[in-house]
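Peer 1:
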Amino acid sequence: MSTSTLPAPLLTRAAWLSNPKADLLSALVVALALIPEAISFSIIAGVDPKVGLYASFSIAIVIAFAGGRPGMISAATGAMALVIVPLVADYGVEYLFAATILAGFIQVGLGALGVGSLMRLVPRTVMIGFVNALAILIFLAQVPHILLSDEADGASKLPLNLAMIGIGLAIIYGLPRITKAVPSPLVAIVVLGVGMTAANVDLPTVGDMGDLPSALPIISLPDLPWNLETLGIILPFSITLALVGLLESLLTAQLLDDMTDTDSDKNVESRGQGVANIATGFLGGMAGCAMIGQSMINHRSGGRTRLSSLAAGVFLLILILALGDLVAQIPMAALVAVMIMVSVGTFDWRSVAPSTVRAMPWEEMAVMVATVGIVVLTHNLAYGVAAGVLLSAVFFVRRVAHVVKVTSVLDPEQTERLYAVSGELFFASTNDLVHMFDYDAVKVPLVEIDLTEARIWDTSAVVALDAVVAKFAERGIEARLVGLNRHAEKLHTRTSGQVGAGH
14 MSTSTLPAPL LTRAAWLSNP KADLLSALVV ALALIPEAIS FSIIAGVDPK
64 VGLYASFSIA IVIAFAGGRP GMISAATGAM ALVIVPLVAD YGVEYLFAAT
114 ILAGFIQVGL GALGVGSLMR LVPRTVMIGF VNALAILIFL AQVPHILLSD
164 EADGASKLPL NLAMIGIGLA IIYGLPRITK AVPSPLVAIV VLGVGMTAAN
214 VDLPTVGDMG DLPSALPIIS LPDLPWNLET LGIILPFSIT LALVGLLESL
264 LTAQLLDDMT DTDSDKNVES RGQGVANIAT GFLGGMAGCA MIGQSMINHR
314 SGGRTRLSSL AAGVFLLILI LALGDLVAQI PMAALVAVMI MVSVGTFDWR
364 SVAPSTVRAM PWEEMAVMVA TVGIVVLTHN LAYGVAAGVL LSAVFFVRRV
414 AHVVKVTSVL DPEQTERLYA VSGELFFAST NDLVHMFDYD AVKVPLVEID
464 LTEARIWDTS AVVALDAVVA KFAERGIEAR LVGLNRHAEK LHTRTSGQVG
514 AGH
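Here the numbering used here is used: the first residue of the sequence shown is 14, the next is one more, and so on.
#1: Pull up the DSSP beta-bridge partners for Gly301, would you.
#2: What are the boundary residues of the beta strand (DSSP E) that Leu459 is part of?
#3: Can you tell me whether DSSP reads Ser442 as helix, strand or coil?
#4: Give every residue of the same chain whose Cβ lies closer than 7 Å to the Cβ of Ser251, excluding the five residues on either side of it in the sequence, and list them in chain order.
#5: How many Å lie between Ile230 and Phe70 at the Cα?
#6: Ala194: buried (16+ other C-beta within 10 angstroms of its C-beta) or exposed?
#7: Please tell me whether Ala212 has its Cβ less than 7 Å away from any Cβ of chain D.
#8: Among Ile247, Pro238, Met354, Ile178, which residue has its Cα nearest to the Cα of Pro217?
#9: Of the choices Val219, Glu376, Leu175, Met140, whose alpha-carbon is the least far from that of Ala44?
#10: Please confirm if the stretch 61-75 is in contact with the stretch 308-319, defined as three or more CB-CB distances below 8 Å between the two stretches.
#11: Nearest CA to the CA of Leu225: which residue from Ala335, Val417, Ile246?
#12: Give the DSSP bridge partners of Pro33, in chain order.
#13: Taking a contact to mean a Cβ-Cβ separation below 7 Å, would you say Cys302 touches Ser435 in this structure?
#14: Could you tell me which of Leu478, Val476, Asp424 sits nearest to Lys456, measuring between CA atoms?
#15: Considering just the uninterrupted stretch of the alpha helix (DSSP H) at Ala346, what are its terminal residues?
#16: Have a look at the DSSP bridge pairing and note the partners of Ala492.
#17: Applying the 10 Å Cβ sphere with the 16-neighbour rule, what's the burial state of Asn517?
#18: Could you check if Gln342 is buried or exposed, using at least 16 other CB atoms within 10 Å of its CB as the buried criterion?
#19: Comparing C-alpha positions only, which one of Tyr432, Pro344, Thr275 sits nearest to Ile202?
#20: Helix, strand or coil: how does DSSP classify Glu376 here?
#21: How would you write the range of the alpha helix (DSSP H) that Thr506 sits in, first residue to last?
#22: What's the gap between the Cα of Val402 and the Cα of Val135?
#23: Give me, in chain order, the residues of the same chain whose beta-carbon lies closer than 7 Å to that of Leu296; leave out the 5 immediate sequence neighbours on both sides.
#24: What residues are listed by DSSP as bridge partners for Tyr396?
#25: Using the Cβ count rule (16 or more neighbours within 10 Å means buried), how would you classify Ala454?
#26: Residues in its own chain within less than 6 Å of Ala92 by CB, not counting five upstream and five downstream?
#27: For Ile151 and Thr384, what's the separation of their Cα atoms in angstroms?
#28: If we call anything under 7 Å between Cβ atoms a contact, is Asn32 one with Asp361?
#29: What is the residue span of the beta strand (DSSP E) that Ser233 lies within?
#30: Run the CB neighbour count on Asp166, radius 10 Å, all protein chains shown included, and call it buried at 16 or more, exposed below.
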């Protein structure tokens, strides 16, 4: 079995130049795919397209240096765009920039506190649900571009559009059988772009999504009153942006860790996401985070090091400023084909195979389905993952609560009864503990309750044990607790008699 390895340190050749050709080519594919997505997310947020584009190239460049997961692509995302819609609608874009900056500082603080370590609390079934939900969302986002539902004459163009997407997919999946020297998605974009331009085919292009910026952004402070009232407005949005951004970024980092058999520093990644958002806020961009779709494109096209993340941002800048007119002519059909490839490749098909469904415990299947369903219905990754983690915790507590056992024997001299308690004693398992002792059947004056094989986790367990001792005392029987470990003895000594069972 292979073991995970740490990525190369930041200031080493291995971190940047161990895979230059594949990194640069994959970065070009990513940059081309970023343009329509960044414009779409800007439209969702209700801001000018340049806000999303500025955010995408600045975040991609900064995270290449500050992040903890090499080869992961971060930029403006739909999850973050959905959060800021009310803020922009009610207060304007300058408040968005301020909220982005504050969200960045919150992320830096959370990273310093070690929030990345909480990834261990996300169960595997939630990770699978997260991945499958993202694959579905990526595909659903392409449906309007596939069916041309936003086009006035979409019905008449639909057959041609489907044919172009089909050709793109044929190139993407067919070319690797011949050669892998160049990423097949890049070839598909070039072939369809040149072919449709030469044939003067009238189908939607990147330029139809919105105007591309023609100048570099300027570093500046958001133009708004810097007072407590402003802080009160932006703080709730900033907290939500910080948490949603970290959740999506850390889950994407974990996914890439698994795919590349390497480890990454989640706390460094958390701080890096914060630094990137602070920078983009001052540059007039919207908040962003890791993008699983673009990260999958980068990974499947061969991108592995920090160079691919940096080059994606640089290429995006060059494409929108120097080659904007050319990029605007790229057909959306080509980019849709790329995103369909990403969707199909991202979905964990083994998780829905009949053999897997039959073998998987129903609780785990329920967690996965709930995660997928909530993410797809709300288009919010945070809701789905939080629900999945909560449901997993409920099932776990339910299982653990029923593994407490109480056995007893009478000593040879018949002067003392020995009880042995095993299992995890906490709020959910102690409800039945009190009733596991046969109080009226005990005919000896002394009872010893051995807790060597048990673990006391909370005051609910202390209250339950006190209740057991009290029930024996009511019958004139002395009960002693033995075998407490250091933690349990300390907790019992400190809280016994101080907390009640409630009413």
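Ideal placement from N, C-alpha and C gives every residue a C-beta, glycine not left out.
Peer 2: Here's the rundown:
#1: As a working note, residue 301 is residue 288 in the sequence shown. Note: Gly301 sits in a beta bridge opposite Ala89.
#2: Residue mapping note: residue 459 aligns to position 446 of the sequence shown, counting from 1. Element bounds for Leu459: 459-469.
#3: Taking the sequence shown and counting its residues from 1, the one referred to as residue 442 is at position 429. Looking at Ser442 - three-state DSSP - the assignment turns out to be coil, as it is neither helix nor strand.
#4: Translated into positions along the sequence shown, residue 251 becomes position 238. Answer for Ser251: Ala112, Leu115, Ala116, Ile119, listed in chain order.
#5: Your numbering for residue 230 matches position 217 in the sequence shown. Your numbering for residue 70 matches position 57 in the sequence shown. As written in the sequence, residue 230 is Pro, which differs from the Ile given in the question. So the alpha carbons of these two residues sit roughly 11 Å apart.
#6: Your numbering for residue 194 matches position 181 in the sequence shown. Ala194 comes out exposed.
#7: The structure shown contains no chain D; it is built from a single protein chain.
#8: Position 204 of the sequence shown, counting from 1, holds the residue named residue 217. When each option's Cα is compared against that of Pro217, the closest is Ile178.
#9: Along the sequence shown, read from residue 1 onward, the residue named residue 44 stands at position 31. Answer by Cα proximity: Val219.
#10: no
#11: The residue labelled residue 225 in the question sits at position 212 within the sequence shown. For the residues Ala335, Val417, Ile246, the minimum Cα distance to Leu225 belongs to Ala335.
#12: Position 20 of the sequence shown, counting from 1, holds the residue named residue 33. None, per the DSSP bridge assignment.
#13: Sequence index remark: in the sequence shown, residue 302 carries index 289 (1-based). Sequence index remark: in the sequence shown, residue 435 carries index 422 (1-based). Taking 7 Å as the Cβ cut-off, Cys302 and Ser435 do not qualify as a contacting pair.
#14: For this step, residue 456 is matched to residue 443 along the sequence shown. Of the candidates Leu478, Val476, Asp424, the one whose C-alpha sits nearest the C-alpha of Lys456 is Asp424.
#15: Locating residue 346 in the sequence shown gives position 333, counting from the first residue. Unbroken alpha helix (DSSP H) run through Ala346: 345-359.
#16: Along the sequence shown, read from residue 1 onward, the residue named residue 492 stands at position 479. DSSP output for Ala492 lists Val460 as bridge partner(s).
#17: Only positions 14 to 516 of the chain appear in this structure, which leaves residue 517 out of reach.
#18: Position 329 of the sequence shown, counted from the first residue, corresponds to residue 342. Classification of Gln342: exposed, given that the 10 Å Cβ count is below 16.
#19: In the sequence shown, residue 202 corresponds to position 189, counting from 1. With distances taken between Cα atoms, Ile202 lies closest to Pro344.
#20: The sequence position of residue 376 within the sequence shown is 363, counting from 1. Here Glu376 sits in helix by DSSP.
#21: Here the question's residue 506 lines up with position 493 in the sequence shown. Its alpha helix (DSSP H) spans residues 499-508.
#22: As a position in the sequence shown, residue 402 is number 389, starting the count at 1. As a position in the sequence shown, residue 135 is number 122, starting the count at 1. About 6 Å.
#23: Your numbering for residue 296 matches position 283 in the sequence shown. Hits under 7 Å: Tyr67, Ser71, Pro230, Ile232.
#24: Your numbering for residue 396 matches position 383 in the sequence shown. DSSP, once it has assigned bridges, lists no residue as partnering Tyr396.
#25: Looking up residue 454 in the sequence shown gives position 441. Classification of Ala454: exposed, given that the 10 Å Cβ count is below 16.
#26: Stepping through the sequence shown from its first residue, residue 92 is reached at position 79. For Ala92, where only same-chain residues beyond five positions count, the Cβ hits under 6 Å are Val257, Glu261, Leu394.
#27: By one-based count along the sequence shown, residue 151 stands at place 138. By one-based count along the sequence shown, residue 384 stands at place 371. When rounded, the distance between both Cα atoms is 16 Å.
#28: For the purposes of this step, residue 32 is identified with residue 19 of the sequence shown, where counting begins at 1. For the purposes of this step, residue 361 is identified with residue 348 of the sequence shown, where counting begins at 1. No.
#29: Stepping through the sequence shown from its first residue, residue 233 is reached at position 220. Element bounds for Ser233: n/a, residue is neither H nor E.
#30: Walking along the sequence shown from the start, residue 166 turns up at place 153. That one is exposed.
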